[in-house]
Amino acid sequence: MFPWQDTLQLMVRGVIAAYGQPMFWLVVVLIAYQYRQVQKGQKRMFGIETFSVSQQVIIAVSLGSAGGIVGGFLLMVVGVDINQLGFSYIWPVAILLMAINMRYLCFAYAGGLVALSKALFGWPNVDVPQVLMLVAILHITESILIVMSGRFGSMPAIVRRKDGQMVGAFNLQNFWPLPLLVMSAMAVPDANVPSSVINMPDWWPLLPVALAPEGHKWMYSMIPVVAALGYTDLAIASSPQGRRRRSGLYLGAYSIILLTLALLSVHYHWLQLIAALASPLGHELLVQLDSKRELEGIPRYVPPPQGVMILDTVIDSPAYKAGLKPGDILLNLHGITVDAPSQLADALTLVPAVFVLELMRNGRIMQRKVGLAKGLILGVILVPSGNEIQYIELVEDKIWIVEWFKRKVGKDKQ
Numbered sequence: 579m580f581p582w583q584d585t586l587q588l589m590v591r592g593v594i595a596a597y598g599q600p601m602f603w604l605v606v607v608l609i610a611y612q613y614r615q616v617q618k619g620q621k622r623m624f625g626i627e628t629f630s631v632s633q634q635v636i637i638a639v640s641l642g643s644a645g646g647i648v649g650g651f652l653l654m655v656v657g658v659d660i661n662q663l664g665f666s667y668i669w670p671v672a673i674l675l676m677a678i679n680m681r682y683l684c685f686a687y688a689g690g691l692v693a694l695s696k697a698l699f700g701w702p703n704v705d706v707p708q709v710l711m712l713v714a715i716l717h718i719t720e721s722i723l724i725v726m727s728g729r730f731g732s733m734p735a736i737v738r739r740k741d742g743q744m745v746g747a748f749n750l751q752n753f754w755p756l757p758l759l760v761m762s763a764m765a766v767p768d769a770n771v772p773s774s775v776i777n778m779p780d781w782w783p784l785l786p787v788a789l790a791p792e793g794h795k796w797m798y799s800m801i802p803v804v805a806a807l808g809y810t811d812l813a814i815a816s817s818p819q820g821r822r823r824r825s826g827l828y829l830g831a832y833s834i835i836l837l838t839l840a841l842l843s844v845h846y847h848w849l850q851l852i853a854a855l856a857s858p859l860g861h862e863l864l865v866q867l868d869s870k871r872e873l874e875g876i877p878r879y880v881p882p883p884q885g886v887m888i889l890d891t892v893i894d895s896p897a898y899k900a901g902l903k904p905g906d907i908l909l910n911l912h913g914i915t916v917d918a919p920s921q922l923a924d925a926l927t928l929v930p931a932v933f934v935l936e937l938m939r940n941g942r943i944m945q946r947k948v949g950l951a952k953g954l955i956l957g958v959i960l961v962p963s964g965n966e967i968q969y970i971e972l973v974e975d976k977i978w979i980v981e982w983f984k985r986k987v988g989k990d991k992q
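So this is what it looks like as structure tokens:
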């Protein structure tokens, strides 16, 4: 029987031990810096800040720690051995891909290319199923973290679409420190195997290592590793939560397919080439199809026929405390109709300190009591009206190898 309880306890202790490593806190500082940069960009666009950096960091550390337990547990269950992963090859490839496009800084691409080289040419000296299993488990962990993040890390933005229309959107950015325990296999003489080891069942590991030398047994030690995961996306036709749920579901499905191919390729060697191709190509197909659906869908955050729509609320503002949410349509304040941003500003000068506003949420009319702060500030960011100066310009994310091929064919025809 698999020692589930002992393994989980080991993972939890490993995560707690990671808190004492300088590398873990360096990653946390870098994550805080990233969120601070996002906050500065929001200040430039709207003149206000809708989130707290410290709150984002605390949530990131909490979720990342949970992800580290899940990821480390899965790595141990399947038997991923750090000695067979070839990080000395994967990281240089990842850095080269990053020079082409920042989003290619992903093990699905770098690990897939290294595994593909091994499957085709027998070089470098890596284990293809092990590399692809690492890619699959990291993406399973990421898919779980994406869904768990919900509204956290959702920054309002104004986007100019290719047709010139200004729409409200959410820039989804999450970064998580990931404290992991990764196994390292070593052959030890039978007489030197300590009695305090965790005994594993006969079917373990799912990814087998080579036969141990005569008179020796394989023993696995646990090595703490601090990694980081990141997720960046844009919600235009969907709510932030809906966008994350869909992205997490698709990424999880991709990861499970890749994990299955990696496991099968242990027994069917010819599958290693297919699995290696599936890693980068499957990930790129996922990104392109998901982005196309979002960018070409009907924008969610645009001015309604009646009332004014909220894009987001400022943290701890009267609107935030009253429970107003993105997508809510304000209809009137204290009986004063508002159909334009200017009318909302005028109404705020006429309402009492405590008043009732009427809004529409998902087709339902409801009311909220609001206590207005000093300075007549409600604390809402409205969807763009079309004359904004600060905005994000959407550009087509082209696949570089496809564009290179098109240019090459075009030259040959001339």
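Sequence positions in the sequence shown follow the numbering used here and run 579 to 992.
Even glycine gets a Cβ: it sits at the ideal position worked out from N, Cα and C.
Could you check the C-alpha separation between residue i and residue j for me, to the nearest Å?
i: G731; j: G625; result: 18 angstroms
i: E936; j: I814; result: 25 angstroms
i: K986; j: L675; result: At K986 the pLDDT is 49, less than 50, meaning the model places this residue with poor confidence; the figure from the coordinates comes in the next sentence. Cα-Cα distance, rounded: 21 angstroms.
i: D811; j: Q751; result: 7 angstroms
i: Q583; j: G649; result: 16 angstroms
i: E720; j: V934; result: 42 angstroms
i: I914; j: M887; result: 16 angstroms
i: A856; j: P962; result: 41 angstroms
i: S640; j: Y898; result: 24 angstroms
i: A765; j: K696; result: 25 angstroms
i: P670; j: I660; result: 17 angstroms
i: V932; j: I943; result: 20 angstroms
i: G742; j: G964; result: 9 angstroms
i: L588; j: F651; result: 9 angstroms
i: A610; j: Y879; result: 28 angstroms
i: V948; j: E874; result: 37 angstroms
i: Y613; j: R823; result: 22 angstroms
i: G793; j: P767; result: 6 angstroms
i: A672; j: L716; result: 15 angstroms
i: I594; j: L586; result: 12 angstroms
i: Y846; j: P783; result: 17 angstroms
Taking the alpha-carbon of residue i as reference, which of the options has the nearest alpha-carbon?
i: N910; options: K903, L926, Y898; result: L926
i: L859; options: V656, V658, D659, F685; result: F685
i: N679; options: Q921, E862, L653; result: E862
i: L712; options: L694, M726, S727, G689; result: G689
i: Q945; options: V593, K621, V775, A900; result: A900
i: I801; options: G949, M654, L849, G957; result: M654
i: R622; options: V948, N940, I736; result: I736
i: G808; options: V590, L608, N661, F629; result: L608
i: L829; options: Y846, I718, E792, L586; result: I718
i: A596; options: V635, Q612, G642; result: G642
i: W848; options: E792, Q866, A693; result: A693
i: G700; options: A714, L851, T585; result: L851
i: Q866; options: I636, P600, Y682; result: Y682
i: V709; options: V631, R871, I668; result: I668
i: S666; options: V704, L698, A644; result: V704
i: K870; options: S833, L972, E792, V775; result: L972
i: H912; options: I876, L827, L950, G941; result: L950
Thinking C-beta only, is residue j closer than 8 angstroms to residue i?
i: P702; j: G646; result: no
i: A805; j: L837; result: no
i: V616; j: M726; result: no
i: V760; j: V787; result: no
i: G657; j: L864; result: no
i: F629; j: P755; result: no
i: S843; j: A831; result: no
i: D890; j: I959; result: yes
i: F753; j: A638; result: yes
i: G885; j: L902; result: no
i: G728; j: Q819; result: yes
i: V606; j: V631; result: no
i: R939; j: E872; result: no
i: E627; j: Q633; result: no
Return the Cβ separation of residue i and residue j in integer angstroms, given the expectation that the two are a contact with Cβ distance under 8 angstroms.
i: G905; j: S825; result: About 19 angstroms; that fails the 8 angstroms criterion.
i: P882; j: M579; result: With 8 angstroms as the limit, P882 and M579 do not qualify as a contact, their Cβ atoms being about 59 angstroms apart.
i: Y969; j: R738; result: 5 angstroms
i: P896; j: L956; result: 6 angstroms
i: Y922; j: V916; result: Before going further, note that residue 922 is Leu rather than Tyr in the sequence given. That belief holds up - the Cβ atoms of L922 and V916 are roughly 5 angstroms apart, short of 8 angstroms.
i: A840; j: A714; result: 6 angstroms
i: P600; j: I776; result: P600 to I776, Cβ: 28 angstroms. No contact.
Taking the DSSP output, what are the residues bridged to residue i?
i: W754; result: L807
i: T915; result: N910
i: P767; result: H794
i: S799; result: S762
i: S732; result: L750
i: T891; result: V958
i: L1079; result: No answer is possible for residue 1079: it lies beyond the span of the chain, which begins at 579 and ends at 992.
i: A813; result: F748
i: M944; result: L937
i: G949; result: V932
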